[in-house]
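Numbering (mature numbering (1 follows the signal peptide of the UniProt record, and there is no 0)), first residue to last: -27 to -1, 1 to 417.
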């Protein structure tokens, strides 16, 4: 059955209070350094719950942040960086655009490497500007924070934590190159723990295990390009030799937005805690607009379709193939899409610029969810017991899709190769196969 989860996970709040130690007798003061984008959005529910319990939260972010803005339940402090908000937006949007380019494997590798180097240089410059902002760093030192809550995806915040001598709580989904295993000295066997981007399950053949090992070696090279400059910067700033592993191993607690309902069995260390599904808020009442869409769908119900905020435009030919498939099912389709309207869009398909995804997935008339298999959407689907048609685009989405397909909670399609018929058949399979609904609901 479907399970609802509070916006602030009780375990998360309890662990933070333990780290705060003696200050729990009164409100604690928390310095929060997030990573922009979905990483930030995943923190909001927990931040709000902490504030409601009397804790003071100060969010520190670049002035060019795309998603991190002023909020009612925290104080935002920004610092100048040598890039603009438009640069950050271009970095996010280009991910979605590049997905639909039919490049060769070598071309994709070269493009990915260049983009990673470019984005890494931009983010590193922002970190350097923060650390060398003497006035701001002095102000932080005088603010008497009790703990830092941060996403270590960018290892700039651990440098700040060490400079301020603050205990750090890491809040994350995963780190590239399995750095979380190295930092916590956690066993990470090649034999049954698939490496990121491998798309393997935990049951691998001998050749897949060899491939798993080779992937790990290649990822280590890429991570060295991205993360070693932070070690150099930290050594200069802290005036002692520091490695990335030193920075990450200083965390008191690791809160992973994962859960064994989605992930394969793997070793854990005592300070590694799973809080997957923390983004599954209680459903809010739907607006009149969306209630009207659902009521008009009749007994067939609705399908929710979203490929995330990074995909604003789909090539015309592919968009028309998708629209053709959607028009062949009896359900009403709510498609979050801001691109050009396909000329063959059927009457049962409604384009919206935004939709209350979790609220819609929690509605009893929702029959399926077409998703890019981002971790947020996957957990919202699991929480609400909605089967998925998954079109992974980049990053960990391929691994998420593989895990959910292995557990019988959905069907995966290659967005570049799929035809209109493929999408139609996949939708009919997950909508009409009660086992998919049951498996998705059983995950939690």
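Every residue, glycine too, gets a C-beta built ideally from N, C-alpha and C.
Predicted, not measured: the structure shown is a model, and the values here were computed from it.
- Within the model, the alpha-carbon separation for residue 362 versus residue 370 is close to 13 angstroms.
- DSSP, reduced to helix, strand and coil, places residue 40 outside both helices and strands of the structure shown, so it counts as coil.
- Shown here for residue 256: same chain residues with a beta carbon closer than 6 angstroms to its own, the five before and five after excluded, namely 332 and 335 in chain order.
- Under the three-state reduction of DSSP output, residue 327 falls in the coil class, being neither helix nor strand.
- Residue 126 and residue 147 have their C-alpha atoms some 8 angstroms from each other.
- Within the segment 333 to 400, the runs of beta strand (DSSP E) that reach at least 3 residues and sit entirely inside it are, in chain order, 339 to 344, 361 to 363 and 383 to 385.
- With fewer than 16 other Cβ atoms inside 10 Å of its own Cβ, residue 48 counts as exposed.
- Out of 278, 253 and 329, the CA that lies nearest to the CA of residue 264 is found in 329.
- Between residue 350 and residue 304, the CB-CB gap reaches or exceeds 8 angstroms.
- For residue 50, the three-state secondary structure derived from DSSP is strand.
- Secondary structure of residue 235 (DSSP, three-state): coil.
- Per DSSP, the continuous beta strand (DSSP E) segment holding residue 275 begins and ends at 275 to 279.
- In this structure, the CA atom of residue 88 is about 11 angstroms from the CA atom of residue 95.
- Nearest in C-alpha terms to residue 339, of all of 316, 306 and 317, is 306.
- With fewer than 16 neighbouring CB atoms inside 10 Å of its own CB, residue 316 falls in the exposed class.
- Secondary structure note for residue 220: its alpha helix (DSSP H) is the uninterrupted segment 217 to 221.
- Residue state for residue 141 is assigned as strand, using DSSP reduced to three classes.
- Residue 229 is not a Cβ neighbour of residue 242, given a cutoff of 8 angstroms.
- The bridge partners DSSP lists for residue 123 are 6 and 143.
- Contact between residue 311 and residue 285 holds: their C-beta atoms lie close to 5 angstroms from each other, under 8 angstroms.
- The shortest CA-to-CA distance from residue 354 to any of 166, 368, 381 and 367 is the one to 381.
- Residue 245 has 227 as its beta-bridge partners, per DSSP.
- In this structure, 385 is the residue among 392, 389 and 385 with its C-alpha nearest to the C-alpha of residue 403.
- Annotation for residue 82: the continuous alpha helix (DSSP H) segment containing it runs 78 to 104.
- The C-beta distance from residue 214 to residue 222 rounds to 14 angstroms, too long to meet the 8 angstroms contact threshold.
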